[in-house]
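Below you'll find the structure, written out as structure tokens, and then a few comments.
Number of protein chains: 4
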Amino acid sequence: MTAPITGILTPHMVPLDGQGRIDEDELARLVDWLIGKRVHGLYPNGSTGEFLRFTVGERRRIVEITCQAAAGRVPVVAGAAEANVAETLAACEHCLDCGARAVAIVAPFYYRLPAESVYAYFAAIARDSPIDVTLYNIPLLASPIDVPTVARLAAEFPRIIGIKDSSGDIGQMIRLLAAVRPVRPEFAVLTGWEGALVPMILAGCDGGTHATSAVVPELTRAAFDAAKAGDLATAFALQHRITRVFDVVFGGAEFPEGFRVATGVRGFKMGPSRQPATAEQHAARARLADRVRRLLIEEGIEGIK
Amino acid sequence: MTAPITGILTPHMVPLDGQGRIDEDELARLVDWLIGKRVHGLYPNGSTGEFLRFTVGERRRIVEITCQAAAGRVPVVAGAAEANVAETLAACEHCLDCGARAVAIVAPFYYRLPAESVYAYFAAIARDSPIDVTLYNIPLLASPIDVPTVARLAAEFPRIIGIKDSSGDIGQMIRLLAAVRPVRPEFAVLTGWEGALVPMILAGCDGGTHATSAVVPELTRAAFDAAKAGDLATAFALQHRITRVFDVVFGGAEFPEGFRVATGVRGFKMGPSRQPATAEQHAARARLADRVRRLLIEEGIEGIK
Amino acid sequence: MTAPITGILTPHMVPLDGQGRIDEDELARLVDWLIGKRVHGLYPNGSTGEFLRFTVGERRRIVEITCQAAAGRVPVVAGAAEANVAETLAACEHCLDCGARAVAIVAPFYYRLPAESVYAYFAAIARDSPIDVTLYNIPLLASPIDVPTVARLAAEFPRIIGIKDSSGDIGQMIRLLAAVRPVRPEFAVLTGWEGALVPMILAGCDGGTHATSAVVPELTRAAFDAAKAGDLATAFALQHRITRVFDVVFGGAEFPEGFRVATGVRGFKMGPSRQPATAEQHAARARLADRVRRLLIEEGIEGIK
Amino acid sequence: MTAPITGILTPHMVPLDGQGRIDEDELARLVDWLIGKRVHGLYPNGSTGEFLRFTVGERRRIVEITCQAAAGRVPVVAGAAEANVAETLAACEHCLDCGARAVAIVAPFYYRLPAESVYAYFAAIARDSPIDVTLYNIPLLASPIDVPTVARLAAEFPRIIGIKDSSGDIGQMIRLLAAVRPVRPEFAVLTGWEGALVPMILAGCDGGTHATSAVVPELTRAAFDAAKAGDLATAFALQHRITRVFDVVFGGAEFPEGFRVATGVRGFKMGPSRQPATAEQHAARARLADRVRRLLIEEGIEGIK
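Residue numbers (numbering that gives the first Met the number 0), protein chains in the order written: chain A, 0 to 304; chain B, 0 to 304; chain C, 0 to 304; chain D, 0 to 304.
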């Protein structure tokens, strides 16, 4: 399956049961619902998906369930970063076996590495990966993948087929497009920042992958379509609505907890977070759920009770 | 004169003579040339204009010369921030006398003030200013003017008619437009970040004020016109060219020295900076001048020798 | 007068009258009181002294009054940074005429300059200054003066006789002492961070200049003396008390307003700030005054009512 | 074993063989050598030990080997942070079985969590841990553990017996000691910043745990002893030597690669890093090894060839 990486790929969260285990049925139902809402693809084991809070085995199971539930209807780009290159390559192999379209590899995190090390890391993966690789740049949380490094990797490794950039910096995105497109016209450039989705699409991005698309997939899909069609008035009106939802959900709890709450409002049993919370935090999340519910009703989202 | 604040307002530098004094004739010639290149307005005593490196008297003289040279052909929005509110109001009075359309007041700098203090500062100025005021948000260099503060000031003070935002953050700009436009539809919103000029105009900004417009006013004007006309292909092609020039000039020397060098390449005797430089820095600037010259020739800018 | 720059030099604020003008008598009284409290010197026109919110003429007047009131009893190190090198040199001349021991020049601010430019700036001043110069490093507010630049300036310019470092980073201070002392054993190194006063003195600093010394000069002087005498138990006990006062005053209002409030608690009519405040801020400052008053009574500071 | 957590606990790296597997014999030899050099304890699976680049099973094996090699001669404080609370508690159980004195748990990383979440996380671990817990604050790489949170955890959970603070901020350390010692006099406070080791000990810390102690354990032990004995001249002379070594090793390659190089210079076969490097980086590390070798000879460290 070599479907193009384009449009809105949703980085969904993972429903948990009362014991904190993956609720496999609810996860499959969430994937199915998202596809029904016309997302272009799925992005399990991303930052929103809390990849770091699961074990190696659980991350594999999440990819399996997502791919099975998607059943080839939309491409799956699966987070596959593990402790080191060898473990990451094993995860890549598993993603391939599951039928994922590509893997997404976040730049090394915790240690803040310079560009040369970031290059060496992705080069080592790209050399041996059995599946297409997308870079994942999220400079707020991980070592930055700067524009010259993206261009260098894109030029040397056909296996690297795209990037998700969550910097939200449109000036930088314009530089990235200028540096990469002449070398690799088909290189997929996705924005990870929903607050700038429409301008990023207008500037030439192929799509986006953001948490808000699991909350209001109706709006993100419509904004993408309007931007692609050059209908700026509609696109920016939708952008303002997306930003409004994003600000409430993102600002309402420490990331990504607000998205667990909001996915719950959309009708999914998300269960408790693996990150413990105090009684005050639990109360704040209950209030956030109410606020999100009212907002989505105001926004005319169907099916909110 | 109540000309709308829209389009590209150029924050030009100040030519100096061999003794480091303002070269008044060359400044007038620069203003005249910029108007000939179809900039929509002028923005003296901005960050690019090194307002901080001049005395109170010199800043006044710069406004006088700029207004005289503009001769009513385009509006002048003049930087008027002084040591404190009383001094700033005196500068506002002077700008009015000179015929400026409005003043621009940067948020308090050096001390990093909270939103409440930023509000109090602009409120005190707006209450007594005899001339329209534009806010100047440049969070990299001065206390940030956050979106709720802009909305609060816009709602309370008709005297405050606009903002220049140099954050370069398009997500934040979208929030700003959403917060201010319903309250004050005519409130002027200008972007101060040329690397995002076209997306900012598409998102709803009225214009921009950036240093690069004094180097390649042909490109910034054309980009503005194309974006306003909805010709995205042309607008983004121009944006890529503007970014290319900006990156060379901005990256070539510590800000704003690269713009002095580049304005020199456009044919003006800019003189030495008031900020001392080492021999190595002078040599680097000579190399930068060569590089800018070649780049502008490549870009097809007329009149570069 | 070539008194050594050592001990606690107090960066006092400037009392204002009801019209916001300098209250010259109260300023003289404050200076006299500080000397009575055994501060080793005075540091007018520093960051605490809000140098930026006064006019050129007012800054000169502040130096005059401070020097007159000090009357040679303690050295005065006066802030002399002006808009550019020529203006700064004129201020240096004036400080010399007033009888200041040295000037303090903050690194260029607003624009964030690289080390090479910072070097060039201080070199230009040092070459022509008629009075001894101390560097002022406050990386939070101005361009950083890094350790190699201090060493380079110290080696080349006898006119530069010391530095005030407000970074609060003791690891960096140890590097600074290691780099400068072999070249210039007498180079004065003062810390500007009262929360680390005692460790900095133990590490080899000659003294400190911090706002808290105008609030509780009794404690800062005693801490300095104990640290110099090698009485660690007493010194750290005092450090904990100084930190407690600092945290309340510094944390109680945006810098440096808390110090205006606290100087008022010590019995001085400080008047209103030149930075406007909202009604909420004024109320918060009244509460802060109460809190500081109680704290100083708890701390056994004499004369608090 | 309830040995006090005091002195220098060394966070050693893990020797790897040519295939990138743990070289168990060399690891045991390194541990034995460190104990011979009189370190007070060991700190496996810290940031220096690259805990993140090993699998769960490997991290367990590292604790096993370290504890076996230590053989009760010195306490072992073992990093035990895993993907979530349940996995971390399992690791705690394993550390207890191995004979570790305590575990060290870094604050949640990748996601930047607020104080309330950091509290909830450590509370959940402390409630169920079968082994004493030390907090690990490294705000540069992980969510900060602020002073009120440390005080709150110390007051509520006897199971939490100490903290390693790698902020390097001595003002903050003084606040921490002031907040915690009255509640828990025996609470161990260790500094993780070797550039401030001596001042931190003088300020009241119980010890330190830093990478440099695996490179020059002779110097860090002697500095600790001199500081504890109140011999400031000797202590600061040693501090300057430690800083000199640290700056070369830390600055010579991206952390923690310089420490792998330097441990190699001390005579251990460290093998290649799990983080890939380019040819340029490998060459730079060879040069760094030479530089470290010369420096250690200059410093009079015995046994450097």
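Don't be surprised by glycine CBs; every beta carbon is placed ideally from N, CA and C.
Values in this document were obtained by computation on a predicted structure and should not be read as measured data.
In whole angstroms, what separates the C-alpha of C:Ala79 from that of C:Lys163? 14 angstroms
Are the CB atoms of C:Phe186 and C:Gly161 within a distance shorter than 8 angstroms? yes
DSSP state of C:Thr233, grouped into three classes? helix
Proximal chain C residues relative to D:Ala202, where beta-carbon distance stays under 7 angstroms: Pro198 and Phe235
So is B:His281 buried or exposed if we call it buried at 16+ other beta carbons inside 10 Å? exposed
Against chain A, with Cβ distances strictly below 8 angstroms, would B:Trp32 count as a contact? no
Have a look at A:Thr208 and A:Pro271 and give me their C-alpha separation to the nearest angstrom. 24 angstroms
Taking all protein chains shown into account, do 16 or more other C-beta atoms lie within 10 angstroms of the C-beta of D:Ile296, making it buried, or fewer, making it exposed? exposed
Any beta carbon from chain C within less than 8 angstroms of D:Gly17's own beta carbon? no
Continuous alpha helix (DSSP H) stretch holding C:Ile160: start and end: Element bounds for C:Ile160: not the alpha helix (DSSP H) but the beta strand (DSSP E), Ile159 to Asp164.
With distances taken Cα to Cα, identify the nearest neighbour of D:Arg220 among D:Val30, D:Ala27 and D:His39. D:His39
Would you say D:Leu189 faces chain C, with C-beta separation under 8 angstroms as the test? no
With DSSP run on the structure shown, which of helix, strand or coil describes C:Gly19? coil
What whole-angstrom Cβ distance do B:Ser166 and B:Asn136 have, given they're in contact under 8 angstroms? 6 angstroms
Throw me the rounded Cβ distance for the C:Leu201 and C:Val188 pair, which I believe falls under 8 angstroms. About 13 angstroms; that fails the 8 angstroms criterion.
Between D:Val179 and D:Gln171, what straight-line distance do the alpha-carbon atoms span, to the nearest angstrom? 12 angstroms
Any residues in the segment 245-277 of chain D with a beta carbon nearer than 9 angstroms to a beta carbon of chain A? Which ones, in chain order? Glu253, Phe254, Pro255, Glu256, Arg273, Gln274, Pro275, Ala276 and Thr277
From the DSSP output, in three-state form, read off A:Phe245 for me. helix
Pairwise C-alpha distance: C:Pro181 and D:Ala236: 13 angstroms
Only counting runs of 3 or more residues, tell me where the beta strand (DSSP E) segments fall wholly within the segment 161-240 of chain D, in order along the chain. 187-190
Unbroken alpha helix (DSSP H) run spanning C:Arg257, endpoints: Checking the sequence shown, residue 257 of chain C turns out to be Gly, not Arg. Taken as a continuous stretch (DSSP letters only), the alpha helix (DSSP H) holding C:Gly257 covers Glu256 to Val264.
Just to confirm the assignment, what range does the beta strand (DSSP E) spanning C:Gly6 have? Gly6 to Thr9
Under 7 angstroms from the C-beta of B:Arg174: neighbouring residues of chain A: Thr242
Does any residue of chain B have a CB that is nearer than 8 angstroms to the CB of C:Ser116? yes
From D:Met12 to A:Leu51, what distance separates their C-alpha atoms? 23 angstroms
Restricting to runs no shorter than 3 residues, where is the beta strand (DSSP E) found entirely within the segment 27-65 of chain C? none
Nearest-angstrom Cβ-Cβ length linking C:Arg183 and C:Val247, presumed shorter than 8 angstroms: In fact, because the Cβ distance is near 38 angstroms, the residues do not count as touching under 8 angstroms.
Helix, strand or coil for A:Met0? Go by DSSP, reduced to three states. A caution first: A:Met0 carries a pLDDT of 48, below 50, which makes its placement in the model unreliable, though a value can still be read off. It is coil, neither helix nor strand.
Residues near A:Ala70 by beta carbon distance below 7 angstroms, same chain, minus five either side: none
Using a Cβ-Cβ distance cut-off of 8 angstroms, determine whether D:Leu231 contacts chain C. yes
Report all residues from its chain with a CB closer than 7 angstroms to the CB of A:Glu217; omit the five preceding and five following residues, and keep chain order. Lys36 and Ile300
Check whether B:Phe108 and B:Ala153 have beta carbons under 8 angstroms apart: no
What does DSSP give as the partner residues of C:Leu134 in its beta bridges? C:Ile104 and C:Ile162
Please compile the residues from chain B whose C-beta is within a distance smaller than 7 angstroms of the C-beta of A:Ile169. Ile169, Ala195 and Pro198
Sorted by chain position, which residues of the same chain lie with C-beta nearer than 7 angstroms to A:Thr87's C-beta, five sequence neighbours on each side aside? Ala79, Ala80, Glu81, Ile104 and Ile124
Pop quiz: A:Arg72 and A:Ile130 are said to be a contact at Cβ under 8 angstroms. What is the actual Cβ separation, rounded to whole angstroms? Not really, about 19 angstroms apart at Cβ, beyond 8 angstroms.
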